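For the protein sequence lines, the chains are A and B, in the order given.
For the record, in the first sequence the residue sitting at position 186 is 186 according to the working numbering, with numbers rising by one throughout.
For the record, in the second sequence the residue sitting at position 188 is 188 according to the working numbering, with numbers rising by one throughout.
The block underneath contains the structure these notes are about, expressed in structure tokens.
Number of protein chains: 2
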Amino acid sequence: MGKTTLCHHLLEKDDQLAFSISATTRPPRATEVDGKDYFFVSQDEFERMKKEGELAEWAYVHGHYYGTPKRWMDEQLNRGISILLDIDVQGGTQIMRAYPGSVSIFIIPPSFKILEERLRNRGSETEEVLRLRLENALGEMDYITKYTYVVVNDTVGAAVEKMHSIVRAERLRRDRILEGITWRQLLGLDERGVKS
Amino acid sequence: MGKTTLCHHLLEKDDQLAFSISATTRPPRATEVDGKDYFFVSQDEFERMKKEGELAEWAYVHGHYYGTPKRWMDEQLNRGISILLDIDVQGGTQIMRAYPGSVSIFIIPPSFKILEERLRNRGSETEEVLRLRLENALGEMDYITKYTYVVVNDTVGAAVEKMHSIVRAERLRRDRILEGITWRQLLGLDERGVKS
Chain A
1 MGKTTLCHHL LEKDDQLAFS ISATTRPPRA TEVDGKDYFF VSQDEFERMK
51 KEGELAEWAY VHGHYYGTPK RWMDEQLNRG ISILLDIDVQ GGTQIMRAYP
101 GSVSIFIIPP SFKILEERLR NRGSETEEVL RLRLENALGE MDYITKYTYV
151 VVNDTVGAAV EKMHSIVRAE RLRRDRILEG ITWRQLLGLD ERGVKS
Chain B
1 MGKTTLCHHL LEKDDQLAFS ISATTRPPRA TEVDGKDYFF VSQDEFERMK
51 KEGELAEWAY VHGHYYGTPK RWMDEQLNRG ISILLDIDVQ GGTQIMRAYP
101 GSVSIFIIPP SFKILEERLR NRGSETEEVL RLRLENALGE MDYITKYTYV
151 VVNDTVGAAV EKMHSIVRAE RLRRDRILEG ITWRQLLGLD ERGVKS
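Below you can see the structure in the form of structure tokens.
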């Protein structure tokens, strides 16, 4: 029920979306595959990528570094593919600055109680890690004012449907549709433009 | 295949939307019902409504007056119901000014050729009326830059699905969700706010 789950379901519904793959210094969990879920890198390698400007955004979360390789992102965007980034508020604000056309969705739990329950039910966390994650979640909430959309994560199905509506609606914004093209070209009235 | 058809299909899909009913001086078509499709009023009555500020917007289109009664609109909005307005660019720009939170969608045909064919296939128009409508449609296109969204009216199903995505996405905007409420209230952390 975390935002990563929502992202995976959204990707299944939309074939013009590619999932971003982050580089991270965090050790892999049992089910995670290197090069698919993350690029698992050493601290030294991550430092090098940061220093050489290879990351579109990076963040330090729960004791580990996460970052998105810029070259891969720009390749997708140049091919007309949108990229779905599963990132926290630190990474999110960097992406908003670096890519002004990006769309931001803040995922929130239905209530604080449910957030606590969900973190507890993951089971793999110690009480100390749980407390750290809860404090983190509340600290991140203040960033909500920087985001354009808010989706309450009540059920996976409903939340994914909402995220999908946002993605589809954003593709219909006039400033995206008429980017570098006039309405005359769109209607096939100008031969020097796009043909109808 | 006109925008009125799209509006009727959208209303069927979304039960939080009410269709606006316009007052008009245009004579009813065979299938139109007074008080349901329009309020059919005399020129004098329309002038009175305009003069007494009873109209949220009004326009003069194809030789007739059209206007939306303001009181009915505000009643719906106060009940949390969104209103779908099937209006032209004159009315649209008035609504954008009067209701800054309104959402604007510009419906365009896939091409100028198809627009001409569609107007011709309506059958009920004389050649002169057809020419007038075509000129009107092109003149209206310049207003596209005032609109937030553009939906190409290729097939009814696809266009309605796009409009529905826009309506659903707009309800998820952070500025609407956190209007007069903090995220602490939204999460049930502040007892003086909304209860979770």
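Think of the CB as a built atom: it goes at the ideal place given N, C-alpha and C, for glycine as much as any other residue.
In this text, all values refer to a predicted model and were calculated from it rather than measured experimentally.
query                                                                                                                                                                                     : result
In whole angstroms, what separates the C-alpha of Gly188/B from that of Val167/A?                                                                                                         : 28 Å
Would a C-beta distance cut-off of 8 Å place Leu220/A and Leu84/A closer than the cut-off?                                                                                                : Look at the range of chain A in this structure, 1 to 196, and you will see that residue 220/A is not part of it.
Please work out which residues of its chain come closer than 8 Å, Cβ to Cβ, to Arg120/B, disregarding the five sequence neighbours upstream and downstream, and give them in chain order. : Leu130
With distances taken from CA atoms, which of Lys146/B, Glu128/B and Val152/B is nearest Pro197/B?                                                                                         : The question about residue 197/B has no answer here: the residues shown for chain B are numbered 1 through 196.
Per DSSP, what kind of secondary structure is Ser22/B in: helix, strand or coil?                                                                                                          : strand
Are any of the Cβ atoms in chain A nearer than 8 Å to that of Ala169/B?                                                                                                                   : yes
Just tell me which of Arg71/B, Tyr38/B, Lys36/B and Val156/B has its CA closest to the CA of Gly53/B.                                                                                     : Arg71/B
Quick one, which of Ala169/B, Phe46/B, Ala137/B and Ser20/B has its alpha-carbon nearest Glu75/B's?                                                                                       : Ser20/B
Under 8 Å, Cβ to Cβ, is there at least one residue of chain B near Leu85/A?                                                                                                               : no
How long is the line joining the alpha carbons of Glu57/B and Ile177/A, rounded to whole angstroms?                                                                                       : 28 Å
So Ile108/B is in the alpha helix (DSSP H); what residue range does that whole segment cover?                                                                                             : Looking at the DSSP string, Ile108/B is not in any alpha helix (DSSP H); the run it does join, the beta strand (DSSP E), is Ile105 to Ile108.
How would you list, in chain order, the residues of chain B whose beta-carbon sits under 7 Å from the beta-carbon of Met141/A?                                                            : Trp183
In terms of residue numbering, what span does the beta strand (DSSP E) encompassing Glu57/A cover?                                                                                        : Leu55 to Val61
Cutting at 6 Å between CB atoms, please list the residues of its own chain near Val41/A, excluding the five before and the five after it.                                                 : Ala23
Could you work out which residues of chain A lie near Arg173/B, taking near to mean beta carbons separated by less than 7 Å?                                                              : Thr148 and Tyr149
With DSSP collapsed to three states, give me the class of Arg131/B.                                                                                                                       : helix
Hey, does Phe40/A have any beta-carbon neighbour from chain B nearer than 8 Å?                                                                                                            : no
Here's a check: name, in chain order, each residue in its chain whose Cβ is nearer than 8 Å to the Cβ of Asp154/B, leaving out the five neighbours to either side.                        : Pro110
Which of helix, strand or coil does DSSP assign to Leu17/B?                                                                                                                               : strand
Measuring CB to CB, does Gly67/B end up less than 8 Å from Phe46/B?                                                                                                                       : yes
In this structure, what does DSSP give as the bridge partners for Gly67/B?                                                                                                                : Ala23/B and Trp58/B
Tell me which residues share the same chain as Gln143/B and place their Cβ nearer than 6 Å to its Cβ, disregarding the 5 neighbours each side in the sequence.                            : It should be noted that the sequence gives Tyr, not Gln, for residue 143/B. The answer, listed in chain order, is Val89.
Which of the three DSSP states, helix, strand or coil, is assigned to Val41/B?                                                                                                            : coil
Quick one, which of His164/A, Arg173/A and Met96/A has its alpha-carbon nearest Asp15/A's?                                                                                                : His164/A
Which partner residues does Arg199/B have in the DSSP bridge list?                                                                                                                        : Because chain B here runs from 1 to 196, residue 199/B falls outside it and cannot be looked at.
For Ser82/A and chain B, any beta-carbon pair shorter than 8 Å?                                                                                                                           : no
For Ser102/B, decide whether its Cβ has a neighbour in chain A, counting only Cβ atoms nearer than 8 Å.                                                                                   : no
Check this for me: beta carbons of Lys146/B and Leu172/A, under 8 Å apart or not?                                                                                                         : no
Helix, strand or coil for Asp142/B per DSSP?                                                                                                                                              : helix
Rounded to whole angstroms, how far is the Cβ of Pro28/A from the Cβ of Asp34/A, which I believe are closer than 8 Å?                                                                     : 7 Å
Would you give the residue range spanned by the beta strand (DSSP E) that Ile83/A belongs to?                                                                                             : Ser82 to Leu84
Return the chain-ordered list of same chain residues with a C-beta closer than 8 Å to the C-beta of Met96/A, the five sequence neighbours on each side being excluded.                    : Ser102, Ser104 and Lys146
Express the C-alpha separation of Met73/B and Thr25/B in angstroms, rounding to a whole number.                                                                                           : 20 Å
Is there a C-beta anywhere in chain B that falls below 8 Å from the one on Lys3/A?                                                                                                        : no
Ile144/B touches chain A at which residues, Cβ-Cβ below 8 Å?                                                                                                                              : Arg174, Leu178 and Trp183
Compare the C-beta of Ser20/B with all C-beta atoms of chain A and state if any pair is closer than 8 Å.                                                                                  : no
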